[in-house]
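For reference, the structure is listed below as structure tokens.
There are 2 protein chains.
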Amino acid sequence: MRADWTSFIAEDARALTASEIRDLLKVAERPEVISFAGGVPDATLFPLSEFRAVYAELMADEAAGRSALQYSISEGLPDLRSWIADDMAGDGAKRSIDNILITNGAQQGLDLLARLLLSPGTQLIVEKPSYLGAMQAFACRSPAYVGVGMDAEGPLLAEMEAAFQGGARLAYLQPDFQNPTGLRYSLQRRRDVLALAQRYGALLIEDAAYCKLSYDGAALPSLLALDGEGADSADAGTVIQLGTFSKTLVPAMRIGWLTAPRPLIDRMVLMMQASNLHVSTVNQAVALRAAKKAFPGHLGTVRRVYRAKRDAMVSALTDFMPGNVTFTRPEGGMYVWLTLPEGFDARALLEQALEAEKVAFVPGQAFFCDKSGTNTCRLSFSAGSPERIRDGIERLANLIRRVHNQVGEAA
Amino acid sequence: MRADWTSFIAEDARALTASEIRDLLKVAERPEVISFAGGVPDATLFPLSEFRAVYAELMADEAAGRSALQYSISEGLPDLRSWIADDMAGDGAKRSIDNILITNGAQQGLDLLARLLLSPGTQLIVEKPSYLGAMQAFACRSPAYVGVGMDAEGPLLAEMEAAFQGGARLAYLQPDFQNPTGLRYSLQRRRDVLALAQRYGALLIEDAAYCKLSYDGAALPSLLALDGEGADSADAGTVIQLGTFSKTLVPAMRIGWLTAPRPLIDRMVLMMQASNLHVSTVNQAVALRAAKKAFPGHLGTVRRVYRAKRDAMVSALTDFMPGNVTFTRPEGGMYVWLTLPEGFDARALLEQALEAEKVAFVPGQAFFCDKSGTNTCRLSFSAGSPERIRDGIERLANLIRRVHNQVGEAA
Chain P
1 MRADWTSFIA
11 EDARALTASE
21 IRDLLKVAER
31 PEVISFAGGV
41 PDATLFPLSE
51 FRAVYAELMA
61 DEAAGRSALQ
71 YSISEGLPDL
81 RSWIADDMAG
91 DGAKRSIDNI
101 LITNGAQQGL
111 DLLARLLLSP
121 GTQLIVEKPS
131 YLGAMQAFAC
141 RSPAYVGVGM
151 DAEGPLLAEM
161 EAAFQGGARL
171 AYLQPDFQNP
181 TGLRYSLQRR
191 RDVLALAQRY
201 GALLIEDAAY
211 CKLSYDGAAL
221 PSLLALDGEG
231 ADSADAGTVI
241 QLGTFSKTLV
251 PAMRIGWLTA
261 PRPLIDRMVL
271 MMQASNLHVS
281 TVNQAVALRA
291 AKKAFPGHLG
301 TVRRVYRAKR
311 DAMVSALTDF
321 MPGNVTFTRP
331 EGGMYVWLTL
341 PEGFDARALL
351 EQALEAEKVA
361 FVPGQAFFCD
371 KSGTNTCRLS
381 FSAGSPERIR
391 DGIERLANLI
401 RRVHNQVGEA
411 A
Chain Z
1 MRADWTSFIA
11 EDARALTASE
21 IRDLLKVAER
31 PEVISFAGGV
41 PDATLFPLSE
51 FRAVYAELMA
61 DEAAGRSALQ
71 YSISEGLPDL
81 RSWIADDMAG
91 DGAKRSIDNI
101 LITNGAQQGL
111 DLLARLLLSP
121 GTQLIVEKPS
131 YLGAMQAFAC
141 RSPAYVGVGM
151 DAEGPLLAEM
161 EAAFQGGARL
171 AYLQPDFQNP
181 TGLRYSLQRR
191 RDVLALAQRY
201 GALLIEDAAY
211 CKLSYDGAAL
221 PSLLALDGEG
231 ADSADAGTVI
241 QLGTFSKTLV
251 PAMRIGWLTA
261 PRPLIDRMVL
271 MMQASNLHVS
281 TVNQAVALRA
291 AKKAFPGHLG
301 TVRRVYRAKR
311 DAMVSALTDF
321 MPGNVTFTRP
331 EGGMYVWLTL
341 PEGFDARALL
351 EQALEAEKVA
361 FVPGQAFFCD
371 KSGTNTCRLS
381 FSAGSPERIR
391 DGIERLANLI
401 RRVHNQVGEA
411 A
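Read top to bottom, the protein sequences are chains P and Z.
In case it helps, the UniProt record's numbering puts the first sequence at residues 1 to 411.
In case it helps, the UniProt record's numbering puts the second sequence at residues 1 to 411.
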């Protein structure tokens, strides 16, 4: 008798379904396609010469080299956590290295939090729209999403309070240059959201993946920094924060981190140990040295290059899109959010865009916990050149006009 | 109102408890302690010059370097999977690269399998004793363990069959140089275990972490290779196999892999994507190049050095231990398993060993799913020199004699 493999799959492991972004990326990888689909950094920005120097230095040092190739503790290298703590302190959030856990990218931070904090049916507040990858990480625990609408300043406070009144005590938020919309919360909205969470004894998971990618004006204080203003101890508080080197340095190291009160960190260290022992020692050592060597000069370059791409996308949208298509003008991050006229189906548009115009984007519906937003699209400006971005937006705008006319004629 | 953090921890996330090995390692790290506790490779064996050369080559190549620092697919780099498939084919197990998933060490393979195949109460056959780290990975799903006793040739077939008759359809096994006992299954026992699993339509998870560390005679075919003898297709079969570079090359890359039928791989790719996107691109690229450069010469060195350490431990045990202490004589791997006379408490012995003799080991109880084996110890010979190993075993033997005399006097 031979095993029937699929019959062995656990019930909750069947819930996870293939990602729209992932399948799209396969098509959009063809060189003739102008892709606004992936949230992939521009590889020409990677500080390759700094990495070359760091690897050479580390491997030339017999003791440091061998130590970087050995097992290490599940918490992460103390020197790296110390650098992160200093960097966070510079942003106004004072935390001990014992409040920091190094993770395999911010994505593993989301997975650990899902396994730590969620059970089937746990109410979880998310923005509408929210980060698809986070909802994929949460899916293994089947939470009950409570979607909160957004305006230009952040989550709608009335909806947020209604969610807390309905019993929710956990929210996943992206105050800075949200994936997918690119929006950032205003300072006042940050204070109001935090005050609300404190009043109800709720926890806020702050995803700060894009917080360093600010292109206009000064950075705003994080929820973690604002929370710290009133906290007596780093083991009290309302905010868990996720960070990463993926958007500022390189993604391939898979180095993220998570800042949380000690009782939660301690438990996640055990989870880390049970699920993959620790993040690659050599990557932690190399990312630390590269960050020390490359920052802050490298961050300036990254901001300048992405700012030009953002400008190219926003001006092309302004120049080419019909008046009934609206879009965000993000002050940072990697994404512009497009809203088509009511009745437009962004998924059908994508098929036409790939076929007729060789342009790719991500239909917005997947980012909504309630599967609304069928007329929305996420456009990433991180990968292409300003010229190619302008070309792609013009093609997409032309297609939208054509489809719109057809819709008009059919009606 | 401030959040009460611990009240947010999910019920099943409270189940995981701190590892004995982990806490021990902290004490055993002091330089004056001769530690047989950790299963840590000898860092002097790491092929540092090959790694130095590989990093320099990769980072000097503009295109390959930037590509190695970018995101990559969740399945793992095709070239690395291809190298692994070729290596497995050399060991008699023919599988496609589509049957292989790259994981963050074999430990993540265990975690993915736990999440894929286990639900609370799922019957899971494990050896008595079994690998503690595997049971920690499985703990998040609270399986119902069915322990199967071992003799010198492998699991007891009558107990194995009774487990299948009792409804178990899943077993976690280490046929080669098991952690913690160092034993390997005989060829006949491999065939018998496999035939039994096939008869009951069960799945076998074969942990092959130590299979390359063979010191005496020829390697034996893996369960995966034996399974393939009769399988028409790589998508049928009875065996899922876990592999890793941690024991042969270096652990710090966190590169493991998992070979399974496609329907299971496809689902685990989604899980990988949701839990940490993918294993570090640069580590995959570097491990592949280092393996190509260093194998098989490096494996020869590793075997020679560990064989000498194994010999040192076994002859010291033979020379110094009292006659009523028994121990395994492993033909590979990193561990010797010690059985003290009935009534001895290995945990109490450890405390005395650390205090009086500055020697560390792991009490065996933690490796038993039923928490039996209180009079057993795991001794690792991988880390120290043959001289230091002999010294440590002599100290431990002296302590055991002293304790034994006290026990004798008290009785």
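We put the beta carbon where it would ideally sit given N, CA and C, even for glycine.
Everything numeric in this text was worked out from a predicted model, so none of it was measured.
- Here the alpha carbons of residue 97 of chain Z and residue 178 of chain Z stand approximately 27 angstroms from one another.
- Inter-segment contact for the segment 338-357 of chain Z and the segment 370-389 of chain Z is present: three or more beta-carbon pairs are separated by less than 8 angstroms.
- Of all alpha-carbon atoms in P:250, P:255, P:197 and P:215, the one lying nearest the alpha-carbon of residue 240 of chain P is that of P:197.
- Of P:391, P:219 and P:341, the smallest CA-CA separation from residue 326 of chain P is found for P:341.
- Per DSSP, residue 255 of chain P lies in no beta strand (DSSP E) segment and is marked neither H nor E.
- Residue ranges of uninterrupted beta strand (DSSP E) with 3 or more members, entirely inside the segment 154-239 of chain Z and ordered along the chain, are 170-173 and 203-207.
- Scanning the segment 311-365 of chain Z for uninterrupted beta strand (DSSP E) segments of 3 residues or longer gives 335-339, listed from N- to C-terminal end.
- Only residues of its own chain outside the window of five on either side were considered, and among them 169 have a CB closer than 8 angstroms to the CB of residue 201 of chain Z, listed in chain order.
- DSSP places residue 100 of chain P within a strand segment (E or B) once states are collapsed to three.
- Proximity of residue 99 of chain P to chain Z, defined by a Cβ-Cβ separation below 8 angstroms, is not satisfied.
- Under DSSP, no beta-bridge partner is assigned to residue 268 of chain Z.
- Of all residues in the segment 262-296 of chain Z, those with a C-beta nearer than 8 angstroms to a C-beta of chain P are 263, 264, 267, 270, 271, 273, 274, 275, 276, 277, 278, 279, 280, 281, 282 and 283, reading in chain order.
- If the five residues before and after residue 44 of chain Z are omitted, its C-beta is found closer than 6 angstroms to no C-beta atom of its own chain.
- When rounded, the separation of the alpha-carbon atoms in residue 12 of chain Z and residue 122 of chain P is 13 angstroms.
- Unbroken alpha helix (DSSP H) stretches of 4 residues or longer found wholly inside the segment 40-99 of chain Z: 48-60, 62-68 and 78-90, given in chain order.
- The Cβ-Cβ distance between residue 210 of chain Z and residue 334 of chain Z falls below 8 angstroms.
- When the Cα atoms are used, residue 351 of chain P and residue 263 of chain P turn out to be separated by approximately 48 angstroms.
- Linking residue 276 of chain Z to residue 332 of chain Z through their CA atoms gives a straight-line distance of about 33 angstroms.
- Selection Z:359, Z:320, Z:405 and Z:54 evaluated against residue 35 of chain Z yields Z:359 as nearest (Cα-Cα).
- Residue 128 of chain Z has Z:149 as its beta-bridge partners, per DSSP.
- Separation of residue 396 of chain P and residue 353 of chain P (C-alpha to C-alpha, rounded to the nearest whole angstrom) is 7 angstroms.
- Of the residues assessed, residue 26 of chain P falls on the exposed side of the cut-off, its CB having fewer than 16 other CB atoms within 10 angstroms.
- Under the three-state reduction of DSSP output, residue 291 of chain P falls in the helix class.
- Under DSSP, the beta-bridge partners assigned to residue 377 of chain Z are Z:338 and Z:363.
- Taking 7 angstroms as the cut-off between beta carbons, the residues of the segment 86-111 of chain P near chain Z are 104, 105, 107, 108 and 111, in sequence order.
- Cβ-Cβ separation between residue 113 of chain P and residue 205 of chain P: approximately 6 angstroms, consistent with a contact (criterion under 8 angstroms).
- Residue 55 of chain P belongs to the set of residues whose beta carbon lies under 8 angstroms from a beta carbon in chain Z.
- Counting along the chain, residue 109 of chain P sits inside the alpha helix (DSSP H) bounded by residues 105-117.
- Residue Z:8 holds the alpha-carbon nearest to the alpha-carbon of residue 124 of chain P among Z:8, Z:324 and Z:86.
- Listed by position along chain P, the residues whose Cβ is nearer than 8 angstroms to that of residue 70 of chain Z are 40, 41, 43, 46, 250, 251 and 252.
- Residues of the segment 121-143 of chain P with a Cβ closer than 8 angstroms to any Cβ of chain Z, in chain order: 122, 133, 136, 137, 139, 140 and 141.
- Listed along chain P is no residue with a C-beta nearer than 8 angstroms to that of residue 83 of chain Z; the closest approach is about 19 angstroms.
- Under the 8 angstroms criterion on CB atoms, residue 388 of chain Z is classed as non-interfacial with respect to chain P.
- Setting aside the 5 residues that flank it on each side, residue 371 of chain Z is surrounded in the same chain by 365, each with a C-beta closer than 7 angstroms to its C-beta; the list follows chain order.
- In this structure, the CA atom of residue 119 of chain P is about 10 angstroms from the CA atom of residue 138 of chain P.
- Contact note: residue 11 of chain Z reaches chain P through 119, using a C-beta cutoff of 8 angstroms and chain order.
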